[in-house]
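Data block below; observations after.
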Amino acid sequence: MRAKSNAGTPIRRPPPSSDSLLSELSTGSNPEDRYSPSNSSSCSSSVKTAQILLGLVCLWPLIFFLIPPKSGTNTGTNIHGEIDHLRALTSSKISNNLHAKTEFLKDEMSSLLHRTDVVGYGPDRPRVSVVITVPPHDGNDEDLQLKSAEKAVESIFRTTDRNRIFVVTVVLDGRGKVGSFESQMEDVDAGRTRHRHGGRVHSHDHHKEWDKEAGNEKEVHAHSEKIHILYNHEALGVVASRKRGVQFTNVLVKKHEGAGLKSADEDLILVFLRCDGMFHEVEEGERTWLDDVTDALIVGSSKDGAHQQPANAISFAVDFSSTDEDGNIQLHPLRPGQTQSFSYDFHPIRDTATSQQISLSSGDSYPSPLLLGGATAMRLETYNSLPASDDKLTNHYSADVEMSFNLWMCADGIDVLSGETLARVQVDPTVISLSERAQISGPLIARLVSAWMAGHGDDIYADTFLNKVARETAIESTTAVQSDQFKAPKDKALMARALEEETKRRRDLLVRISAEAKHSTSFPSTIRTKCRPFSWFVENVAPKLLIEELDEEAADSAEANADIKEAMKKRNQKILPSKPLSDTNMAVVSKAAPVKLAYVDVSGNHAEHPHKGALDEKGHFGYVHDETFLAKNQPAFEFNDDADKDKLCKKGDPNYTMLTEKVFVDLTSHEAAEKRAEHGSQQKRVKIFCLVYTIEKFHDRIPAIKETWGKKCDGFMVASTKTDVALGTVAIPHEGPEEYNNIWQKVRAMWSYVYDNYYEKYDYFHIGGDDLYLIVENLRLYLESEEIKLASNGGHYLPNGSEDTQTPLFLGRRFAEGGNRDTMFISGGSGYTMNKATLKSLVVNGFPNCFPFLKTFSEDVMVATCLRKMDIVPYDTKDENGGERYMPFQPGHHLTYRPPKNPKDDWYSNYSVDCKWGLDHCAAKSVAFHYIKEDLMRRMHAILYHYC
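The sequence shown runs contiguously to residue 948 in UniProt numbering.
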């Protein structure tokens, strides 16, 4: 097949479960769904003749062991009847003929387990599960859709070796039972229509013939059941109906594997066949369409026998049929290399693959942006792994568009087999309406846009699609008005204004539908974490949709809007990174939605906590602290005397070792960045706001912070219980008492105050206690790194300076609470760093709705919990060597600490995530340490900044 992209692999998830379907299979009591009963009478008579001791249950393992190998011929009857048959054998009354019954049981089990129509040919030639969805009756007298579905099912059995058919599931959507359809399906299942066994195609009316040698009738050609019908009395739509059909297959797989009738290594092929399609007739012989598909999906072999990467999904070539005046059917084959794409209003567009695309697979196949629609094949596991399945997408075309996006953006794409492939379907275009197979309504387009165009770089496409749809529908709706009311030339301006107003109204409606879609139960909310962005799809799969390739003349025309013009400019400025994010961090940034950076006032006039504000030195509300006072008046760091220097520069202890042999301040890079910024470089330095919390009792700890690391912050503030302008402390009242067990309320008030007063001035915000030591130069360089720039812009492109949104980043030392990595938080000891998007999300959306009145000490856990509710999770801040940047203890502690033999026996090793130990535990350019009191703070500063 074609060369595969390295951008991602299929996302694995367990197959959907269905208790109702499992119950149906276990009891057979569902009156609305049926498994074809074509052989039920013969099975009933067989059951009555089968009698054996209940105690034989204990002998089954021995019996299976003694079963000799047998040929794989198709000689049995109804598979479910035979399983019931064997159950009856084990539960019958005591018989004197134990030996005979035991031999009979052995023969019956051997026959069942070696029948290829029951167990197939094995993993190399897997069986196929076909799902057909029949839309609700469209009102025509003949019910062409149901009649066509009959032909579609018949074509499956004519062109497919029955031994390789696992199940054919027909989902009748919005329909009740139809006796004539059931009767026809029974005829197909019983073999009374033409069907294939290996390379032989035939039909028969009964299952027994006279055996001259034995002088009696013998069963020569019975069939196991293959067809199942599901009824949706209320119309569910194509996506939901397909899902229900696959759920039935998954349950059947589980039962067959449990009964030993299917190997777990057999990766079933799943085919979605539209009810207006039929598989092409093929001459008698061994090769069928399923062999071509197997080679593509499972084996990965090419025409010349060379091994290639197996395909991800196959879209069958579609040959349309028509009837001439004499009633003769004429075929209109798919032209070589034909693909399907779509326009900005999702209208399907026929296109042609390039010679380069075809040559990538040596001419065996070529990619198509969209499924061609008639039939689609993939491995069952592939479908079960796709993350998006929006039940609101009700018609075939919208379902195919979503599946196409799934296959390209979340898996590995779509191939159309080329040349003389047998993977073709004949489609009658008169069966399904144009609106069903080639159109999507505005509300469904809004859902697709909301789901698949919601990330960085994709907003421009979302705007373009919604604008186009709004304008096209507005034109359609105002056509009559234009002809009736705007006839005179002077009315052209009024006509244009009416069109623009209608376009705006419709666009606003689509935007609202798009926003509301995210809250519906079936909305695929995990796409951002598991799939590539739509911009990747456009660039790599459907380049004609690139915004930059819009015709310039069209963009200047009256029909183009300003959003498209602006999108053209932005699109040309995308900058690729030199190195992608790690898989871990790509998952983190993909999970969170971009946040508009514009400030939103949520202070409520500072009437209620946590926005009441700060007190001045006289205890009056309304005080706004000058956060730049320390940067403008930096105190010098000096030794008190020689004894003080000797004390601070003492060598030999673990703290000294870690700070001289591993951790350092990257002053060289810092000074170079400063010079670039001073000389007018576009690379401006990020501005950092540092927030320390304390109480009046510990104000004596603040001078050491001010003379060491605090002065290096662009903005600095100490949140306390008393305002001292000279010291830089600010009293910020909060809900509840001032105590350790109420730090959560204190932090809510602190961050609200910072957001209300300083949000627009700074790029990053760091918080920690009064025993924190921050290496600001290293922190600033880290925040200015390409990695963090890339992460803050969604992980795919570097920012170009024109962005008005940002991906939230929550930086610090990750802890897995209780060892559970699903509930990670950031240790409050060394503090955590937030960008603007995270601070805004926390204050504007988090605080009002997340434990607003709770009193607790675990503020770091609470902040992480509130952010997690918005899909903002801790970012992995390790360096390229696996060293941690944020340290919850003193440097020496990290040098000497070793985890116990069982990491769960110590909280620190249990909470830590993929850590190294000893000297390699700390990153060389670490940014923060905890439990650093005044003397150690001054000592660390003296060592790190070469005062010793």
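Glycine is no exception: its CB is placed at the ideal position from the N, C-alpha and C atoms.
Best match in the options for proximity to residue i [C-alpha to C-alpha]
i, options, result
"Glu154", "Ile132, Thr838, Tyr383, His137", "Ile132"
"Arg127", "Arg194, Trp289, Ser148, Arg175", "Trp289"
"Gly710", "Leu781, Lys722, Arg748, Ala636", "Ala636"
"Phe857", "Ala498, Glu661, Gln745, Asn163", "Gln745"
"Arg196", "Asn757, Arg158, Met185", "Arg158"
"residue 949", "Lys518, Pro524, Arg471", "Residue 949 lies beyond the stretch modelled for the chain, which goes from 1 to 948, so this question has no answer here."
"Asn163", "Phe181, Gly120, Asp189, Lys151", "Gly120"
"Gly176", "Val118, His625, Ala235, Ala317", "Ala235"
"Asn778", "Lys855, Asp879, Asn757, Thr823", "Asp879"
"Leu545", "Pro903, Ser341, Leu895", "Ser341"
"Gln338", "Ser321, Ala313, Pro367, Asp345", "Pro367"
"Gly728", "Leu509, Leu839, Leu630", "Leu630"
"Lys662", "Gly918, Ala592, Asp364", "Gly918"
"Gln357", "His347, Gly373, Ile349, Pro336", "Pro336"
"Gly812", "Asp265, Phe825, Tyr758", "Phe825"
"Phe810", "Asp616, Arg424, Ser802, Leu867", "Leu867"
"Leu371", "Phe279, Ala837, Asp351", "Asp351"
"Ser578", "Asp138, Leu790, Cys922", "Leu790"
"Gly237", "Val134, Asp771, Phe889, Arg780", "Val134"
Proximity below 8 Å, CB of residue i to CB of residue j
i, j, result
"Ile440", "Ser389", "no"
"Leu417", "Asp292", "yes"
"Gly819", "Ala928", "no"
"Asp319", "Pro333", "yes"
"residue 1020", "Ala446", "The question about residue 1020 has no answer here: the residues shown for the chain are numbered 1 through 948."
"Thr865", "His766", "no"
"Pro369", "Ala542", "yes"
"Ala924", "Gly883", "yes"
"Gly589", "Leu576", "According to the sequence as given, residue 589 is Val; it is not Gly. Not closer than 8 Å, so no."
"Glu738", "Thr723", "no"
"residue 950", "Ala704", "With the chain represented from 1 up to 948, any question about residue 950 goes unanswered, as that position is not in the structure."
"Asp173", "Ser224", "no"
"Phe316", "Ala411", "no"
"Leu499", "Ile475", "yes"
"Ala607", "Tyr753", "no"
One or two residues paired with residue i in a DSSP bridge
i, result
"Met378", "Leu270, Ala313"
"Val718", "Val692, Thr729"
"Cys922", "Glu884"
"Ile575", "Leu798"
"Arg350", "Gln340"
"Ala928", "Leu774, Tyr886"
"Ala614", "Tyr623"
"Gly277", "Val427"
"Leu230", "Val171"
"Tyr875", "Leu811"
"His332", "Phe320"
N-terminal and C-terminal residue of the beta strand (DSSP E) that residue i is part of
i, result
"Gln340", "338 to 342"
"Tyr764", "764 to 769"
"Asp415", "415 to 417"
"Met824", "824 to 826"
"Asn835", "832 to 835"
Segment limits, alpha helix (DSSP H) that includes residue i
i, result
"Leu783", "776 to 783"
"Arg676", "667 to 678"
"Val282", "That residue, Val282, is in no alpha helix (DSSP H); it is neither H nor E in DSSP."
"residue 951", "Summary: the structure shown does not reach residue 951, with the chain confined to residues 1 through 948, and so no result is reported for it."
"residue 951", "The shown model of the chain, from 1 to 948, leaves out residue 951, and the question about it has no answer."
"Met862", "859 to 868"
"Asn585", "583 to 591"
"Ala704", "702 to 707"
"Trp917", "Element bounds for Trp917: n/a, residue is neither H nor E."
"Phe629", "629 to 632"
In chain order, each beta strand (DSSP E) run of at least 3 residues that lies wholly inside the stretch 129 to 209: Contiguous beta strand (DSSP E) elements confined to the stretch 129 to 209 occur at 165 to 173, 195 to 197, 200 to 202, taking only those with 3 or more residues.
Contiguous alpha helix (DSSP H) assignments of at least 4 residues, all confined to the stretch 425 to 480: 434 to 438, 442 to 452
Runs of beta strand (DSSP E) wholly within the stretch 788 to 821 (minimum 3 residues, chain order): 810 to 812, 814 to 816
Within the stretch 233 to 262, ranges of the alpha helix (DSSP H) (whole runs, at least 4 residues): 238 to 258
Beta strand (DSSP E) runs wholly inside the stretch 364 to 411, at least 3 long, in chain order: 365 to 367, 375 to 379
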